[in-house]
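In short: position in the sequence shown from 1, add 1189, done, that's the working numbering. Input: a single structure, listed below in structure tokens.
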Amino acid sequence: MNTNNTALVSNMKEDEARSELKRLSTEIDGHNKAYHQDDNPVISDAEYDSLRRRYLDLEKEFSHLATKDGPSSNVGYTSHAAFNKIQHTVPMLSLDNVFSVEGLNDFISSIKRFLKEFSNHSSIELEMVAEPKIDGLSISLRYETGLLVSAATRGDGEVGEDVTENIKSLKEVPLSLRGPVPKIIEIRGEVYMSKYDFLELNNNQKALGNKVFANPRNAAAGSLRQLDPKITATRQLKMFAYAWGEFKGVSWESQTEFYNYLKIWGFAVNPLMKKCNSPDTLISTYKEISRLRSELDYDIDGVVYKVNRLDWQKRLGFVSRAPRWAVAHKFPAEQVETIITEINIQVGRTGSLTPVAKLLPVNVGGVLVSNATLHNEGEIQRKDIRKGDAVLIQRAGDVIPQVVKVIIEKRPKKSETFRFPQVCPVCGSDAPRVENEAIRRCSGGASCNAQLVERLRHFVSRGAFDIEGFGTRNAEIFFEKNLILSLTDIFRLKNNRKGLEKLEGWGFKSTEKLLNSIESRRIITLDRFIFALGIRGVGRANARLIANHYLSIKALRSSMNDAAIIGSEAREDLSNIDGIGPNLARDLIVFFNDTINAQLLDDFETLITINPHKVMNSISSPISGKTIVFTGTLNTITRMEAKNSAEGLGAKVSGSVSSKTDLVIIGDNAGSKAKKAAELGIKMLSEAEWIQLVE
Ligand code: IVH
């Protein structure tokens, strides 16, 4: 490939110009394909830009030689803008995992604790289904009056990518449903590639000099997410259906009845699915599926257990993003031996020092692993992990690879105990060990560059602002080059387009792409924003809890300021949020009362729009937004179920009665809370009245 033809355009003869234009055109086309279609660019953006510039210069000089569909027409340039987005009408959730029989038993017990039926009549059966957990990518197919109208990937669970055209080439996706046709049905399942087709595809890719895929899952994802549906059609993709989203004009009473519908409509249901009437049958099914695993022509990574009865599924509902009525029993992670070549220390966004082992690269379950987390100082001491050690490492699903144990017999003679640094390796501040904890934390705060870069990385990550094209490496570069010094600078980056384009490996195209994705994120939901701030202990679930409670950034900030006063109502209100413990409450108060953070938040409010949080069912429910307290013993439902249904209807459930309480539900033997409610004149309901209200 010649990208270095430097002959001056103005000195060229017509013949030379014609052949040069043709050469450049073919070359640019090839790079467009590599970049947009294969996700595998072979030259830097700067080189690409210089090719395009040369083409345009030539075209200008020899305008009569220009062709309509040449690179200057931008075909294959802007048309690859990425997929359209589809908002899921019902969120696509994930599953909680268990890794052992004990984990499974805990799961069963939690269901039985939730449903009152099991506290009184222990002889009642809890029917479940068990089926393989397919290692592919989840998809949601929408049918209206029996016709396929759209297909979306999971995305972040709320918004996915529109792959409608691509999905149509899958034999196992009916374009129109057979049998009784409901008005609306969204079918969910897993798209996968068989092990055989994966090997075939990689052989072909190799022969053509294209990139090969690490495992069937990546191959399936890469094949479905093709901008050109014709390419997807050449790949062998399959699908197992197992769940639903929105539906109208059809109903079923159990998971198994739904599977019968799936078969009638024309979908593939996994043949290993089994109805199980006891934990023992679940375990024997797990063992049977594990035994068959290597013989199956598709990858599976566990067994999914689901409560069969639909009315129970509904009552059990969800905890943050996962159903309470289903769980994935994951297969044990594959373990592989390798050597630690180095132990490095990484500084996290809250200052925690995390030791990371650099490894001799090894393939673990189809992924090349060259780093493993060593968690913290305590873990290194406990396992006596040293540089040069032979170790067993494992990788379970998306989890970061871990060191399981040191193979002591293979320890080199001269090895030394690892000495953990007592100062931050980046900013040099003291890094004291947190009392009663296994971690050291850098005390540098906002003056530590490593913490700033990590906060930036977190801020743009998928669950937060989800800024496509930002990448983790870029956070560091932008910071080093002074393009971004604080989180808000991200939204001022467009004023420094020149600075970006000048960076090595950057050019017009990638700058444009990044700035567009930043612009598209100027409006954000409150829960994502709270998560993005990177407050210690605030993961996605807690961010949602907080958003659910305070509803707007304004209310959150002012409540956190009020909560700084011990004994204030705001402080009590915060500690009453179920799921927010005292440490988290303290960290939240500290964060929002810090002057630098307050300045940052003021800045954000001028740069972006933080949408108020939408409470589920806020329109239809008479109790949405109300604060409810349950007290005493309930007879027909458990306290857990009562709380769950109240929250499902948009109410907040609190543990104590105050002037902010709207409603108190009085069970048997209610004590001081009922008395206080009566004193404050708060509306009270009996259990029966409550059930009537909810129903
Ligand atoms: S049921 C409401 N069944 O695993 C939850 N999920 O780790 C519905 N998956 O996002 C999920 N095989 O993409 C279900 N037999 C199966 C599955 C399965 C694979 C995927 C699914 C889900 C992920 C969670």
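We treat Cβ as the ideally placed atom computed from N, Cα and C, and that holds for glycine.
Here the distance from the Cβ of residue 1432 to the nearest heavy atom of the ligand IVH is below 7 angstroms. Residue pairing by DSSP leaves residue 1877 without any beta bridge partner.
Considered as a whole, the region 1679 to 1762 harbours 1686 to 1690, 1697 to 1708, 1715 to 1721, 1729 to 1739 and 1742 to 1751 as its complete alpha helix (DSSP H) runs of no fewer than 4 residues, in chain order. Cα atoms of residue 1631 and residue 1515: separation of roughly 40 angstroms, rounded to the nearest angstrom. The three-state secondary structure of residue 1469, taken from DSSP, is helix. Only buried fits residue 1340, as 16 or more other CB atoms lie within 10 angstroms of its CB.
By the neighbour-count criterion, in which a residue is buried when 16 or more other Cβ atoms sit within 10 angstroms of its Cβ, residue 1557 is exposed. For residue 1282, the distance from the CB to the nearest heavy atom of the ligand IVH is below 7 angstroms. Here the distance from the Cβ of residue 1327 to the nearest heavy atom of the ligand IVH is below 7 angstroms.
Nearest neighbour of residue 1358 by Cα position, chosen from 1423, 1372 and 1880, turns out to be 1423.
Counting along the chain, residue 1448 sits inside the alpha helix (DSSP H) bounded by residues 1444 to 1454. Leaving aside the five residues that flank residue 1575 on each side, the residues in its chain whose CB is nearer than 6 angstroms to its CB run, in chain order, 1604 and 1607. With 16 or more other Cβ atoms inside 10 Å of its own Cβ, residue 1352 counts as buried. Apart from sequence neighbours up to five positions away, the residues of its chain that approach residue 1623 with a beta-carbon distance below 6 angstroms are 1630, ordered along the chain. Short of 7 angstroms from the beta carbon of residue 1242, and not among the five residues preceding or following it, lies no beta carbon of its own chain. Just so you know, the alpha carbons of residue 1505 and residue 1880 end up roughly 16 angstroms apart.
Residue burial is scored here from C-beta neighbours: residue 1320 has at least 16 other C-beta atoms within 10 angstroms and is therefore classed as buried. At least one heavy atom of the ligand IVH is found less than 7 angstroms from the C-beta of residue 1323. Of the candidates 1814, 1712, 1821 and 1764, the residue whose Cα lies closest to the Cα of residue 1794 is 1712. Bounds of the alpha helix (DSSP H) holding residue 1385 are 1384 to 1396. A residue is called buried once 16 or more other Cβ atoms fall within 10 Å of its Cβ, and residue 1643 is buried on that count.
Contact between the region 1704 to 1724 and the region 1795 to 1804 is present, with at least three C-beta pairs closer than 8 angstroms. Secondary structure of residue 1610 (DSSP, three-state): coil. Residue 1427 sits in a strand when the DSSP states are folded into three classes. Set against 7 angstroms, the gap from the CB of residue 1379 to the closest heavy atom of the ligand IVH is smaller. At a cut-off of 7 angstroms, the beta-carbon of residue 1343 counts as near the ligand IVH: some heavy atom of the ligand is closer than that. Per DSSP, residue 1277 lies in no beta strand (DSSP E) segment and is marked neither H nor E. Among the bridge pairs identified by DSSP, residue 1332 is matched with 1337 and 1374. By the neighbour-count criterion, in which 16 or more other beta carbons inside 10 Å mark a residue as buried, residue 1331 falls on the buried side. In chain order, 1764 place their CB closer than 8 angstroms to the CB of residue 1771, counting only its own chain and leaving out the 5 sequence neighbours on each side. Residue pairing for residue 1460: DSSP places it in no beta bridge. Placement of the Cβ of residue 1460 at a distance of 7 angstroms or more from every heavy atom of the ligand IVH is found.
The C-alpha of residue 1757 is placed about 51 angstroms away from the C-alpha of residue 1559. In the structure shown, the three-state DSSP call for residue 1415 is coil.
Between the alpha carbons of residue 1822 and residue 1307 lies a gap of roughly 16 angstroms.
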